[in-house]
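J.: Okay, so the sequence shown: first residue is 42 according to the numbering used here, each after it adds one.
Where a beta carbon is used, it is the ideal one built from N, C-alpha and C, also for glycine.
Have a look at the structure that comes next, please.
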Amino acid sequence: MNIPTPHNSAKLGEIAKTVLMPGDPLRAKYIAENFLEDAVLVNNVRGVQGHTGKWKGVPVTVMASGMGMPAIGIYSWELYNFYDVDNIIRIGSAGALQDNLNLMDIVAGQAACTNSNYINQFNLGGTFAPIADYTLLTKCVEAANEKGVDLKVGNILSHDNFYMPEGTDKNDEWKRMGVLAVEMEAASLYANAAYAGKRALCICTISDHIYRPDSLTSEQRQTSMNQMIEIALDTAVKMAEL
């Protein structure tokens, strides 16, 4: 496919090798304005903002993915296969399943369970286990340790549904299997990275708890996740140093 693509107006070379992908376009704008130096808007098709700038001298792009696996599936596919992106770090919010997780804790998805049919398109004839890239994960853990952050690493669940009929969510079963938290994008991102031979990682800030009434407001979700954002940006720097 030629670029620009139907979903990305950036030209070749305008997107960095490492892309941070929040779901919310306003969060992408917030990161560009508050963290990146010399940030330039390189994509705004459908309002899915993409900005390229520098963090500690290293080029980084931050671009929204929208909500759900089909959405991040489109954007990450184009970034990996048409824009020659090497690393995508999803930065988002997640609902905690485990009792020892609290609001604002940061979780890294070592692997991503899913109830989605997204992976069936690869026609594997079996069950594919979507996992994060080991190098990205270890560099992220290093970045978190340097900030004194106790990054929680483990299995997450990428769910196709935000709203479900009563009694159909299976949260108790996922919790029993040790799954840390629920989000909606990582599994398809990990699968696309595997297919393209690229790297992916999902890190999320806990914004609510499935078993407690704790939750952040929509405004807090947009602007109060600075610690996670800096860890992801520092991870991009470490990847550039390899």
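Just list the residues that DSSP pairs Met225 with in beta bridges.
T.: Looking at the DSSP assignment, Met225 forms no beta bridge with any residue, so it has no partner.
J.: Does the distance from the CB of Ala173 to the CB of Cys243 come in under 8 Å?
T.: yes
J.: I need the boundaries of the alpha helix (DSSP H) containing Ile72, first residue and last residue.
T.: Pro66 to Asn75
J.: Comparing C-alpha positions only, which one of Ser50, Arg240 and Gly107 sits nearest to Lys58?
T.: Per the Cα distances, Arg240.
J.: Rounded to whole angstroms, what's the CA-CA distance from Glu226 to Ala170? Just pull it up for me.
T.: 14 Å
J.: Between Asn156 and Ala51, what straight-line distance do the alpha-carbon atoms span, to the nearest angstrom?
T.: 33 Å
J.: Suppose the cutoff is 6 Å on Cβ atoms and the five residues either side in sequence are ignored; what does the same chain contact list for Val83 look like?
T.: Ala51, Glu55, Gly91 and Thr93
J.: So Val182 and Cys245 are in contact, right, with Cβ under 8 Å, and what is the actual spacing, rounded?
T.: Taking C-beta atoms under 8 Å as the contact rule, Val182 and Cys245 fail to qualify, at a distance of about 15 Å.
J.: For Asp201, which option in Asp255, Ile113 and Thr276 has the closest C-alpha, if you only look at C-alpha atoms?
T.: Ile113
J.: Nearest by alpha-carbon distance to Tyr236: which of Lys70, Asn122, Arg217 and Met205 is it?
T.: Asn122
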